[in-house]
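**Student:** Right, I'll just put the structure down here and ask away after.
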Amino acid sequence: MERTFFILAALFGGLGVALGAFGAHALRGIVGPELLVTFETGVRYQMYHAFALMGVVVALSRWPQSSLAVWAGWLFVAGIVIFSGSLYALALSGQRWLGAITPLGGVAFISGWICLLLVAWRK
Numbered sequence: 128m129e130r131t132f133f134i135l136a137a138l139f140g141g142l143g144v145a146l147g148a149f150g151a152h153a154l155r156g157i158v159g160p161e162l163l164v165t166f167e168t169g170v171r172y173q174m175y176h177a178f179a180l181m182g183v184v185v186a187l188s189r190w191p192q193s194s195l196a197v198w199a200g201w202l203f204v205a206g207i208v209i210f211s212g213s214l215y216a217l218a219l220s221g222q223r224w225l226g227a228i229t230p231l232g233g234v235a236f237i238s239g240w241i242c243l244l245l246v247a248w249r250k
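Using the numbering used here, read the sequence shown as starting at 128 and increasing by one per residue.
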């Protein structure tokens, strides 16, 4: 699992940089300032959680039998896809109803952090 989460962290980190550049250069002037801020929020949380996935790799290398660390990793992946993905879709489409999906990704992020906390707490 360490390798899987390391690969996903690198993938999401690289995509975060590319999407950040896309937002800063290609979207300026195309979408309004409010939607640009929404897009940038998606990028920011994607990058934070790419680094969080690296933390999962560290936890798994330290405590390889921890299923909670694996759960944390998959929750971070789900959070990136749901939270950031819904914000990207909202910013690019202007469809406000997509904002209703975003909190589910936030719950996944919070749950992932709680899992990581429990991994260290129990060991």
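Built from N, CA and C at the ideal position, the CB exists for glycine as well.
Since this is a predicted model, take the numbers as computed values, not measurements.
Please state whether the Cβ-Cβ distance between Phe210 and Thr229 is less than 8 Å.
**Tutor:** yes
**Student:** State yes or no: is the C-beta of Leu123 within less than 8 Å of the C-beta of Ala218?
**Tutor:** Summary: the structure shown does not reach residue 123, with the chain confined to residues 128 through 250, and so no result is reported for it.
**Student:** May I ask which residues mark the beginning and end of the alpha helix (DSSP H) holding Pro191?
**Tutor:** Careful: Pro191 lies outside any alpha helix (DSSP H) and carries neither H nor E.
**Student:** According to DSSP, which residues form a beta bridge with Val266?
**Tutor:** Past the boundaries of the shown model lies residue 266; the chain is included only from 128 to 250, so the question cannot be answered.
**Student:** Roughly how many angstroms separate the alpha carbons of Trp248 and Gly182, rounded to a whole number?
**Tutor:** Cα to Cα, the separation comes out at about 15 Å.
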